[in-house]
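From first to last, the protein sequence lines are chains Y and W.
Its first residue numbered 5, the first sequence is counted upward by one per residue in this note's numbering.
Its first residue numbered 2, the second sequence is counted upward by one per residue in this note's numbering.
We put the CB at the ideal spot given by N, CA and C, even for glycine.
Predicted model, so just to flag it, every value in this text is computed and none were measured.
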Amino acid sequence: MKARSNTKHSPLTLGAGALALALLTATAPASAQSRDPAYAAARASGQVGEKTDGYLGFPTAPSAELRHVIEDLNIKRKAVYAQKAQANNATVEEYAFTSGCLAIARTVAGEKYQAPDGSWQTRGAGAPLRDSRCP
Amino acid sequence: MNSLQLTNRARIATTLPMQGKQSGPDRSTWRAKAALGVLAGGAVALGGCVSVNAPDKPIVIELNINIKQEVIYRLAADAGNTIDENKDIF
Numbered sequence: 005m006k007a008r009s010n011t012k013h014s015p016l017t018l019g020a021g022a023l024a025l026a027l028l029t030a031t032a033p034a035s036a037q038s039r040d041p042a043y044a045a046a047r048a049s050g051q052v053g054e055k056t057d058g059y060l061g062f063p064t065a066p067s068a069e070l071r072h073v074i075e076d077l078n079i080k081r082k083a084v085y086a087q088k089a090q091a092n093n094a095t096v097e098e099y100a101f102t103s104g105c106l107a108i109a110r111t112v113a114g115e116k117y118q119a120p121d122g123s124w125q126t127r128g129a130g131a132p133l134r135d136s137r138c139p
Numbered sequence: 002m003n004s005l006q007l008t009n010r011a012r013i014a015t016t017l018p019m020q021g022k023q024s025g026p027d028r029s030t031w032r033a034k035a036a037l038g039v040l041a042g043g044a045v046a047l048g049g050c051v052s053v054n055a056p057d058k059p060i061v062i063e064l065n066i067n068i069k070q071e072v073i074y075r076l077a078a079d080a081g082n083t084i085d086e087n088k089d090i091f
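Encoded structure:
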């Protein structure tokens with residue numbers, strides 16, 4: 005009887021626990037797993053696009069502020085590419101190019117991406133123009 | 002006097018061979034002919050080289066593309082996971 009009462013939780017503590025868990029899941033991924041608002045806005049407006057080499061580029065001349073934000077993201081991308089390339093016995097360029105293929109494939113309508121000829125394209129409803137080697 | 006007027010008058014010597022000084026100009030014409038011969042020979046040799054080299058090039062390029070595509074296909078699944086795990090920078 006006593007043991008069973010120990011395992012029981014009052015509705016208050018359960019509620020507090022759920023709230024803490026909800027807060028944890030809401031805040032932790034928000035800081036690590038979602039785009040910076042400035043980056044998200046620039047992407048949506050077409051000021052920033054996905055390049056074929058796996059990095060972000062500027063279809064139009066960016067403001068100094070936006071350039072800083074995007075260059076920072078490109079440095080972070082390169083660090084990830086370098087680490088993953090080493091783990092897969094590939095060059096950074098090969099891993100970055102592969103990621104670029106996928107990143108362009110994952111753009112949504114209205115976003116900008118670079119075609120194999122180097123020109124900037126706006127993603128439409130159909131498949132994007134990609135390098136013939138892309139998976 | 003009369004006979005001299007009827008026959009053609011000899012032209013004035015204008016070139017060195019006409020004046021009996023043969024050595025100089027004769028050598029230069031021989032040199033020009035030799036140079037022409039070398040040039041013609043060179044042109045024939047060059048034409049031969051191009052026709053031999055042409056078929057080799059496309060084969061090398063094609064091999065390069067195949068290797069690269071193989072690597073890309075090998076990395077594709079891992080790269081997809083990387084993008085999913087780093088949504089903040091992609």
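In the DSSP assignment, T126/Y falls within the unbroken beta strand (DSSP E) covering 124-126.
The Cβ atoms of D57/Y and A119/Y lie no closer than 8 Å to each other.
DSSP, read as helix, strand or coil, puts Q70/W in helix. With respect to Q37/Y, D89/W sits close: the two C-beta atoms are nearer than 8 Å. Neighbours of K88/W in chain Y, taken as residues whose beta carbon is under 8 Å from its own, are Q37, S38, R39 in chain order. Taking C-beta atoms as the reference points, C105/Y and R134/Y count as a pair closer than 8 Å.
Linking Y43/Y to K69/W through their CA atoms gives a straight-line distance of about 31 Å.
Contact of K34/W with chain Y is not assigned, every C-beta pair being separated by 8 Å or more.
For Y117/Y, the uninterrupted beta strand (DSSP E) segment begins and ends at 116-118.
Pairing Y59/Y with A131/Y, the inter-Cα distance amounts to about 20 Å. Annotated three-state conformation of G81/W is helix, per DSSP. Between the C-alpha atoms of Y74/W and T64/Y there is a straight-line separation of about 32 Å.
Residue range 68-91 is occupied by the alpha helix (DSSP H) that includes K82/Y. Looking at the DSSP output, G58/Y bridges to nothing.
Take the alpha-carbon of A129/Y and the one of A107/Y: they are about 16 Å apart. Contact between G53/Y and Y117/Y holds, since their C-beta atoms are separated by about 5 Å, short of 8 Å.
Ranked by Cα distance from D121/Y, the first of S136/Y, R110/Y, A113/Y is S136/Y. Contact annotation: in the segment 68-82 of chain Y, residues whose CB is within less than 8 Å of a CB in chain W are L77, K80, R81. At a cut-off of 8 Å between beta carbons, V84/Y contacts chain W.
N82/W and D76/Y have their alpha carbons spaced roughly 21 Å apart.
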